[in-house]
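The block underneath contains the structure these notes are about, expressed in structure tokens.
In our numbering, the protein residues as written are 43 to 399.
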């Protein structure tokens with residue numbers, strides 16, 4: 043089996059969210075030709091196949107989509123470059139190939155190559171809707187080969203509308219409240235209140251702001267979108283309550299009309315370090331790579347959060363590549379790391395089946 047060809051082929055298939063069909067057909071064909079059972083493409087466009095037949099059941103889940111922006115795909119014999127090779131086609135390829143080597147295990151591996159992870163999570167939502175339940179789950183995301191991701195932050199999208207009620211001539215800015223300035227001050231207040239601590243604090247990022255009617259009118263209204271990432275010591279509900287309180291304290295007696303709404307609500311997730319799947323990967327990394335595992339708690343949010351929380355399944359993420367290269371113009375993976383990750387995955391599953399029994 044040509045591991046490099048498989049990866050290079052799917053990287054060469056440009057697949058931003060909504061355009062995963064070519065990759066899905068390729069993976070479906072690979073599964074059918076390599077002994078996977080119950081191979082199908084579901085209503086969302088996810089490709090699903092299984093190997094093995096007994097307990098425990100382990101879900102391998104990786105996403106086929108990438109962020110937009112086509113890049114040339116090049117291979118120099120050591121590194122493969124291209125859009126999505128880090129996030130997360132190398133991890134997806136490693137999961138698919140590792141599963142193909144696990145047909146004889148005393149366990150069951152379900153592989154789900156999902157759509158829309160970089161979009162709105164339609165793929166993982168369909169997996170949950172279809173009640174694809176496992177004892178454990180591994181999500182394919184870059185962890186630098188010897189790392190194992192045991193936690194992800196949650197997410198809240200905050201939409202804010204601010205109105206001062208009246209604008210005026212920009213030659214007299216002291217005479218009117220500026221809605222853009224007021225909303226920006228609200229953002230700074232949130233940021234200051236939440237980011238007093240270390241990397242374990244809530245992260246607040248203003249990602250969109252718009253307001254004003256003309257270049258010579260003091261803006262009377264403004265709207266903004268704030269991306270909030272939540273560590274595991276918070277929940278979505280208590281974080282939303284804090285956001286509302288902080289804004290109310292700013293607005294009281296100000297004469298401002300401020301309206302809040304929320305979207306993209308995802309709870310944070312962190313697995314117990316005593317879980318058998320954490321122990322299995324820790325042992326596999328020592329055995330295959332000769333070094334201890336590095337446990338990672340990522341600042342981002344992904345399909346893992348949604349599945350692990352909704353299905354109550356102990357979940358980790360693992361894969362080759364440096365996550366700092368994700369979504370950049372310089373994505374690349376070291377091929378030897380990619381091949382080693384396949385060995386780690388197969389060893390981890392074998393160990394997990396023993397620990398589970």
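Note that CB positions come from ideal geometry on N, CA and C, so glycine has one too.
The model shown is predicted, which means the values in this text are computed figures rather than measured ones.
Rounded straight-line distance, which links the Cα of residue j to that of residue i
i	j	result
residue 250	residue 207	22 Å
residue 171	residue 59	20 Å
residue 327	residue 154	23 Å
residue 370	residue 307	25 Å
residue 202	residue 87	34 Å
residue 354	residue 149	19 Å
residue 120	residue 270	38 Å
residue 63	residue 297	52 Å
residue 378	residue 316	30 Å
residue 293	residue 111	41 Å
residue 9	residue 313	No statement about residue 9 is possible, as the shown extent of the chain runs from 43 to 399 and does not include it.
residue 99	residue 302	42 Å
residue 289	residue 219	17 Å
residue 146	residue 169	25 Å
residue 339	residue 209	46 Å
residue 384	residue 76	16 Å
residue 231	residue 160	30 Å
residue 46	residue 396	30 Å
residue 177	residue 280	30 Å
residue 158	residue 217	48 Å
residue 175	residue 117	38 Å
residue 381	residue 137	11 Å
residue 97	residue 284	43 Å
residue 85	residue 227	45 Å
residue 278	residue 360	25 Å
residue 94	residue 367	35 Å
residue 68	residue 388	22 Å
residue 233	residue 257	28 Å
residue 50	residue 267	37 Å
residue 390	residue 263	55 Å
residue 291	residue 248	20 Å
DSSP state of residue i mapped onto helix, strand, coil
i	result
residue 341	coil
residue 82	strand
residue 378	helix
residue 302	strand
residue 75	helix
residue 63	helix
residue 388	helix
residue 291	helix
residue 56	coil
residue 70	helix
residue 365	helix
residue 406	The first residue shown for the chain is 43 and the last is 399, placing residue 406 beyond what the model contains.
residue 109	coil
residue 296	coil
residue 336	strand
residue 349	helix
residue 278	helix
Sub-7 Å separation of residue i and residue j beta-carbons
i	j	result
residue 130	residue 165	no
residue 260	residue 215	yes
residue 57	residue 108	yes
residue 141	residue 102	yes
residue 243	residue 237	yes
residue 394	residue 322	yes
residue 286	residue 265	no
residue 163	residue 272	no
residue 229	residue 344	no
residue 373	residue 200	no
residue 184	residue 365	yes
residue 362	residue 144	no
residue 330	residue 386	yes
Close Cβ partners of residue i (< 8 Å) along its chain, the five nearest in sequence each way excluded
i	result
residue 114	123, 124
residue 324	190, 334, 335
residue 311	193, 194, 196, 274, 346, 347, 350, 351, 357
residue 61	107
residue 276	196, 244, 310
Cβ-based neighbour list, residue i, same chain, cut-off 6 Å, excluding 5 preceding and 5 following
i	result
residue 357	179, 346, 350
residue 35	In the structure displayed, the chain extends from 43 to 399; residue 35 sits before or after that span and is not available.
residue 48	135
residue 299	205
residue 55	64, 65
Close-in-space but distant-in-sequence residues of the same chain around residue i (CB under 7 Å, 5 per side omitted)
i	result
residue 134	104, 105, 106, 155, 182
residue 254	222, 261
residue 70	81, 83, 89
residue 282	198, 304
residue 341	195, 245, 271
residue 173	none
residue 53	115, 122, 124, 126, 127, 131
residue 319	178, 356, 358, 394
> Can you list, in chain order, the stretches of the beta strand (DSSP E) that have 3 or more residues and sit fully within the segment 120-180?
Replying inline: Here the runs fully enclosed are 121-123, 150-156.
> What are the complete beta strand (DSSP E) segments, minimum 3 residues, inside the segment 189-244?
Replying inline: 189-194, 196-205
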